[in-house]
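Numbering (our numbering), first residue to last: 243 to 367. One structure below.
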């Protein structure tokens with residue numbers, strides 16, 4: 243989704259991304275035993291988990307996942323729900339999922355209703 247990528251400097255600008263990651267790695271280089279070449283290589287091609295954590299820390303002040311992390315989680319959750327919703331296994335097109343669940347609020351309600359969660363345990367329901 244190019245429109246989402248444009249919202250994130252870490253995703254849209256390779257030089258910016260590499261500089262941010264390199265700066266973060268340099269702060270702990272001596273503890274990790276990284277030299278300048280290690281930092282350059284990791285910053286150029288960071289492991290996914292490292293990128294998701296840096297994205298959350300840098301763009302969301304560590305309060306939540308960033309665009310890439312959120313997208314990965316959302317796609318995984320929605321794919322899992324589509325596979326498990328009633329009617330899906332019977333050969334329907336999956337419309338039950340699309341009409342019932344289209345937001346995080348819908349996911350919370352869906353889980354709450356089917357899991358019999360005590361409403362007093364989750365204040366925002």
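Glycine residues also receive a C-beta, built at the ideal position from the N, C-alpha and C atoms.
*Quick one: complete alpha helix (DSSP H) runs, 4+ long, within the segment 266-313?*
Counting only runs of 4 or more, we get 271-274, 278-286 and 290-301.
_Three-way DSSP call (helix, strand, coil) for residue 346 in this model_ = It is helical.
*Element boundaries [alpha helix (DSSP H), containing residue 246]*: In the DSSP assignment, residue 246 falls within the unbroken alpha helix (DSSP H) covering 244-247.
_Selected residue, minimal CA-CA separation from residue 313, among 304, 262 and 298_ = Cα-wise, what sits closest to residue 313 is 298.
*Which residues in the same chain as residue 264 place their Cβ atom closer than 6 Å to its Cβ, once the five residues preceding and following it in sequence are excluded?*
Closer than 6 Å at Cβ, skipping near neighbours: 281 and 285.
*Would you call residue 343 buried or exposed, if buried means 16 or more other Cβ atoms sit within 10 Å of its Cβ?*
It is buried - the Cβ of residue 343 has at least 16 other Cβ atoms within 10 Å.
*Just curious, the alpha helix (DSSP H) that residue 254 is in, first and last residue?*
Where residue 254 is concerned, the enclosing alpha helix (DSSP H) starts and stops at 251-254.
_Quick check: the Cα distance between residue 289 and residue 349, rounded to an integer number of angstroms?_
Straight-line spacing of the CA atoms in residue 289 and residue 349 works out to 29 Å.
_Let me confirm a value: residue 259 is counted as buried when at least 16 other C-beta atoms fall within 10 Å, else exposed. Which label applies?_
So residue 259 counts as buried.
*Local conformation of residue 358 per DSSP, three classes*: In the three-state reduction of the DSSP assignment, residue 358 falls in the coil class.
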